[in-house]
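Chemist:
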Amino acid sequence: MNFNKAEGKRPPLPPFDYESAHLKVRLAEEAWNSRNPQQVALAYTPDSIWRNRNQFIRGRQEIETFLAQKWENELEYKLKKELWSYNFNRIAVRFFYEYRTKEEEWFRAYGNEMWEFAPSGLMQKRYASINDMPIDKKDRLL
Numbered sequence: 027m028n029f030n031k032a033e034g035k036r037p038p039l040p041p042f043d044y045e046s047a048h049l050k051v052r053l054a055e056e057a058w059n060s061r062n063p064q065q066v067a068l069a070y071t072p073d074s075i076w077r078n079r080n081q082f083i084r085g086r087q088e089i090e091t092f093l094a095q096k097w098e099n100e101l102e103y104k105l106k107k108e109l110w111s112y113n114f115n116r117i118a119v120r121f122f123y124e125y126r127t128k129e130e131e132w133f134r135a136y137g138n139e140m141w142e143f144a145p146s147g148l149m150q151k152r153y154a155s156i157n158d159m160p161i162d163k164k165d166r167l168l
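Residue 27 is where the sequence shown starts when you use my numbering, and the numbers rise one by one after that.
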């Protein structure tokens, strides 16, 4: 699905049905697995509001900075998202991801996100609750 820069839209657009919500989740998973902060930030409104764990982030520039720092510290990051629920302009997902630190310690993070979309299909709000647990390299799932 291509981002239409001229119209400022990012399909699929709300209102969501099962197919479009599922596609939105797949596209988000692919973008985050790219580990490209600029690419990921384009999926959010310029004034997007995030709560990520205990951090409050506003706007694309803060999103890019946050993600660049995240992926500098979370090496070999790999994410799996699952559609949990959806309605008119909202989607809920559950997810897990794995990463290693520079000290070669492995972690798996589990979480839930609630997303709210603008009519353009850009995400305007993202609320994430995430818990990390250390794992042995041999216990990786991704």
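Even for Gly, the Cβ is constructed at its ideal location relative to N, Cα and C.
1. Please report how far the alpha carbon of residue 160 lies from the alpha carbon of residue 107, in whole angstroms.
2. Measure the beta-carbon distance from residue 167 to residue 69 and round it to whole angstroms, keeping in mind my assumption that it falls under 8 Å.
3. So if DSSP puts residue 81 in a beta bridge, which residue, or which two residues, is it bridged to?
4. Would a C-beta distance cut-off of 9 Å place residue 126 and residue 101 closer than the cut-off?
5. Cα-Cα, which of 146, 124, 142, 36 is closest to residue 165?
6. Would you check if the region 45-54 and the region 112-124 touch, i.e. whether three or more CB-CB distances between them fall below 8 Å?
7. Answer with buried or exposed for residue 121, where buried requires no fewer than 16 other C-beta atoms within 10 angstroms of its C-beta.
8. Taking DSSP's pairing of strands, which residues face residue 139 in a bridge?
9. Output the distance between the C-alpha atoms of residue 151 and residue 53, rounded to the nearest integer angstrom.
Modeler: The short version:
1. 20 Å
2. At roughly 25 Å, the Cβ-Cβ gap does not stay under 8 Å, so residue 167 and residue 69 are not in contact.
3. 78
4. A contact, by the Cβ cut-off of 9 Å.
5. 124
6. yes
7. Counting C-beta atoms within 10 angstroms of its own C-beta, residue 121 has 16 or more neighbours from the protein chains shown and is therefore classed as buried.
8. 119, 154
9. 17 Å
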